[in-house]
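J.: Numbering (the numbering used here), first residue to last: 3 to 195.
Before we start, here is the structure in question, set down as structure tokens.
Pasting the structure below:
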């Protein structure tokens, strides 16, 4: 594992599944890594489309629509690099746990804050992994322009993570406050009984 990647993993609080996936991906060929990230960008687009369509709150809805557009542009930019390095070839079919597919198959709905927190955790993990993979690609690619693009994409993923983290922190507090209020109400009811 490269020094830059080790430093990234130290700085980022990445959960074990993300770290395991990152270790596995970083051992793959450039073609496989690019194929994986292309599939991952499509999956991220699906996740943010789900959030955009299901959010009741207008600000977050608008933000997730922006994320959809950004992820679509990432897909195009990575595809362009793939095509320049592997002309006439298609990306490989890489194994990827698709969160968008899981959410669609299970007919997942945002019914409460806890559901939203679950999706935010998934998004945060996905963004951390994407940022790290772009760092791996930046180190592997030789063309300075390709390296610059990977750096920009890694920064975009970091920005997405930061937004998701702020949402997560805010709604975690909302959920904690709600739980505390329920506990106080239950204690009062028991005391009055």
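Cβ coordinates follow ideal geometry from the N, Cα and C atoms, glycine included.
Whole angstroms is fine: what's the gap from residue 176's alpha carbon to residue 19's?
T.: Looking at the two C-alpha atoms, the distance is approximately 27 Å.
J.: Taking C-beta to C-beta, are residue 34 and residue 94 nearer than 8 Å?
T.: In this structure, residue 94 lies closer than 8 Å to residue 34 by Cβ.
J.: I'd like the span of the alpha helix (DSSP H) that includes residue 53, first residue to last.
T.: Residues 32-56.
J.: Please report how far the alpha carbon of residue 82 lies from the alpha carbon of residue 180, in whole angstroms.
T.: Whole-angstrom Cα-Cα distance: 48 Å.
J.: Going by CA-CA distance only, name the one from 178, 189 and 148 that's closest to residue 79.
T.: Of the listed residues, the one whose Cα sits closest to residue 79 is 148.
J.: Is it right to say residue 10 is buried, meaning 16 or more other beta carbons lie within 10 angstroms of its own, or is it exposed?
T.: Annotation note: pLDDT 48 at residue 10 (below 50); position unreliable, no value reported.
J.: Do we get a CB-CB distance below 8 Å when we pair residue 147 with the residues of chain D?
T.: Chain labels in this structure do not include chain D; a single protein chain is all it has.
J.: Is there contact here, the stretch 53-72 with the stretch 82-92, by at least three beta-carbon pairs under 8 Å?
T.: Result no; under three Cβ-Cβ pairs closer than 8 Å.
J.: Mark residue 66 as exposed unless 16 or more other C-beta atoms lie within 10 angstroms of its C-beta, in which case mark it buried.
T.: Residue 66 should be labelled buried.
J.: Report the CB separation of residue 158 from residue 76 in whole angstroms; it is logged as a contact under 8 Å.
T.: The Cβ separation is near 7 Å, so the contact holds.
J.: Cutting at 8 Å between CB atoms, please list the residues of its own chain near residue 189, excluding the five before and the five after it.
T.: Within the same chain, residue 189 has no close Cβ partners at all.
J.: Can you give me the Cβ contacts of residue 40 inside the same chain, cut-off strictly under 7 Å, excluding the 5 residues immediately before and after it?
T.: So the list reads 77, 80, 81, 84 and 93, once near-sequence residues are dropped.
J.: In the DSSP assignment, find the unbroken alpha helix (DSSP H) run with residue 29 in it and report its ends.
T.: Element bounds for residue 29: n/a, residue is neither H nor E.
J.: Look at residue 135 and residue 24 and say whether their C-beta atoms are less than 8 Å apart.
T.: Yes. Within cutoff.
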